[in-house]
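Participant: Structure in structure tokens, see below.
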Amino acid sequence: MRLDKTEISLGLVALACVLFGFVSPGWLIFLLTIALAKALVVQGVVMQMRSGLVSFGQGLFYCIGGYTVGMGGQFFGIHDAIAALSLGMLVAIVVAMLLGLLLTRYREIFFAMLSLAFSMILFGILVKSQELGSTDGFNVHDWTLFGWAPEAGAGSQHTVFTITVVSGLIVAVLIHRYTKAGVGVICEAVRENEVRVEYLGLSPRWLLYGNYVAAAAVSALGGGLTALATGHVDPEMAYWTTSGEFVFIALLGGLGHVAAPFIAAIVFSFVRTYAIEFVPHTWQMILGFTLLAVIIFLPKGLWSLVSREKTGERA
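Here it is, written out as structure tokens:
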């Protein structure tokens, strides 16, 4: 299997991140872990945006992934991290296969609002569920990795960070190949002109259906990794502000490259962290101005800065 230039670059960056984790303070490792985990959810949002759909309910699958990891350890004795993450993705795929039959019939604001509605339904169910901690949620039990239990504290934190980096690399490579393959290109064609795709003898609805299910699996993986990193899950994972945050990051990064969501998620995390520290009562305004500046000066997202430099070098 031959790797192209983008995939090699992604691999080198992932290796550098893992090595960087050995010399970084705990607070930075935690911040990067959460940012990269959320970037996986944003990858799901971007996959749908490339096909012309904007999901305001991606928190649904983010929450499913997180709660499956938590419930697996608490109720079903599943403590292996890989098994729990895989189970979370499987549950998300099943749910997406059911919901996708309805959602892929709709476009534009109708799709956005329906996706948001299902996410809020899950939020309401979790809030009313006393067995799952209601509004407080519950803690994730200690986990293992193929039978090995990492030491509590720095050891566990670095292990989750490494798993997150490796997961991000695998997902990034797969999505990169997906976008370059025929199916990915056709999904972009659906965004531009759905009728013409139908004239080619293809079904836009089923293309979007497959895209929706794949995005759900990726988002659930991000939710599961977040649960492992924080050691806690709560209904806020499915709340509309969480889903809005993913759309915010997607717009911040742009659709130009598979690395854009990772860069945007890291920038977002640092901006929010320091905005809360220095201006705790107006940090939302800081984030708003950040997005406004990007929309005005970089309408194609932060990745356009990199693409401009490459274009300038070729010129």
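Numbering (the working numbering), first residue to last: 2 to 316.
Positions of the beta carbon are idealized from the N, C-alpha and C atoms, including for glycine.
Using alpha carbons as the reference points, say which of L100, T69 and E8 lies closest to A221.
Facilitator: Among L100, T69 and E8, the Cα nearest to that of A221 belongs to T69.
Participant: In the DSSP output, what is W1 paired with across the bridge?
Facilitator: Look at the range of the chain in this structure, 2 to 316, and you will see that residue 1 is not part of it.
Participant: Does the beta-carbon of P205 have 16 or more other beta-carbons within 10 angstroms, so that it is buried, or is it exposed?
Facilitator: P205 should be labelled buried.
Participant: In chain order, what residues of the same chain have a beta carbon less than 6 Å from the beta carbon of C18, not counting five sequence neighbours either side?
Facilitator: Closer than 6 Å at the Cβ level, and outside the excluded window around C18, lie V166.
Participant: Who does D81 pair with in a DSSP beta bridge?
Facilitator: Bridge partners of D81: T145.
Participant: Under a three-way DSSP split, which group does V24 fall into?
Facilitator: If DSSP states are grouped into helix, strand and coil, V24 belongs with coil.
Participant: With a CB to CB cut of under 7 Å and the five nearest residues on each side skipped, what residues in its chain are close to H177?
Facilitator: Excluding residues within five positions, the ones whose Cβ falls inside 7 Å are T7, E8 and V259.
Participant: Restricting to Cα atoms, I'd like to know which of W241, L33 and D235 is closest to S135.
Facilitator: Comparing Cα-Cα distances from S135 to each of W241, L33 and D235, the minimum goes to D235.
Participant: My output table needs one value for V55: the three-state DSSP class, helix, strand or coil.
Facilitator: Here V55 sits in coil by DSSP.
Participant: Name the residue from P262, S270 and F119 whose alpha carbon lies nearest to the alpha carbon of L303.
Facilitator: The candidate whose alpha carbon is nearest that of L303 is P262.
Participant: Regarding L104 and the ligand NAP, is the C-beta to nearest heavy atom distance less than 6 Å?
Facilitator: In the structure shown, the ligand NAP is absent, as is every other ligand, since no ligand is present at all.
Participant: Give me the DSSP bridge partner(s) of H233.
Facilitator: Paired residue(s): N140.
Participant: Between which two residues does the alpha helix (DSSP H) containing A190 stretch?
Facilitator: Taken as a continuous stretch (DSSP letters only), the alpha helix (DSSP H) holding A190 covers G183 to E193.
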